[in-house]
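See structure below.
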C-alpha cells in the first residue's frame, strides 16, 4: 500500500461529528482498511471526536484537527485540539465486572478505544492535545 496522508479541520461542535467521522472512514477505506477494521475505527473515532466536542472547549468555540495516515501494515488517526489538557491514556480502567448501577459514570468510551486499537498514544504539544490511534491492516477485518 502506498503511504497516504490526509488532514482536515472541523469545528468542535456536535453537528460536525458526522462529517468528521465520514472524513476518517472514507480515508481509512481509501488506505485499505476494510470490514471489522472499519467498524472498530468508526466506533473509536466517534468516541474520541465526541469527547473533544463535548469537553475540550467548555467556555469557548474551538476546532479539532484530524489526520489520517496509512502506511504499510497500519492506519494512524491523529486527533488534536487546543482545548483543556486531557490525557485519556492515563484514565484508570473501569471495572467492567461491576453492574451498570455499581460502576461510576464515565470511562467506558476510553476503555473501548483501548480495546479496539493496536496502539494509543497521547501527548501535550504546546497548547495542543494530540491523540494517536493505530489499527493494523488485516487483523480481524473479515
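Residue numbers (the UniProt record's numbering): 1 to 142.
The beta-carbon is built from N, C-alpha and C at its ideal position, and this holds for glycine as well.
Next item on the list: Tell me, to the nearest whole angstrom, how far the beta carbon of residue 45 is from that of residue 77; I am working on the premise that it is less than 8 Å.
Entry: 6 Å between Cβ atoms; contact.
Check: Counting only runs that start and end within the UniProt domain "Histidine kinase/HSP90-like ATPase" (10-134), where is the beta strand (DSSP E) found for 3 or more residues in a row?
Finding: 63-71, 74-81 and 119-125
Next item on the list: Determine contact between the region 77-86 and the region 44-61, defined as no fewer than three beta-carbon pairs at a distance below 8 Å.
Entry: yes
Notebook entry, point to check: To the nearest angstrom, how far is it from the Cα of residue 19 to the Cα of residue 39?
Noted result: 16 Å
Item checked: Inter-residue CB distance, residue 28 and residue 41 (contact presumed, cutoff 8 Å) -> Contact holds; Cβ gap of about 5 Å.
Check: Nearest CA to the CA of residue 133: which residue from 74, 125, 85 and 124?
Finding: 74
Notebook entry, point to check: For the candidate residues 137, 23 and 127, whose alpha-carbon lies nearest to that of residue 62?
Noted result: 127
Check: Does the beta-carbon distance from residue 35 to residue 137 come in below 8 Å?
Finding: no
Checklist line | Of the residues 86, 7, 58 and 72, the one placed nearest residue 131, counting alpha carbons only | finding: Closest by C-alpha distance to residue 131, out of 86, 7, 58 and 72, is 86.
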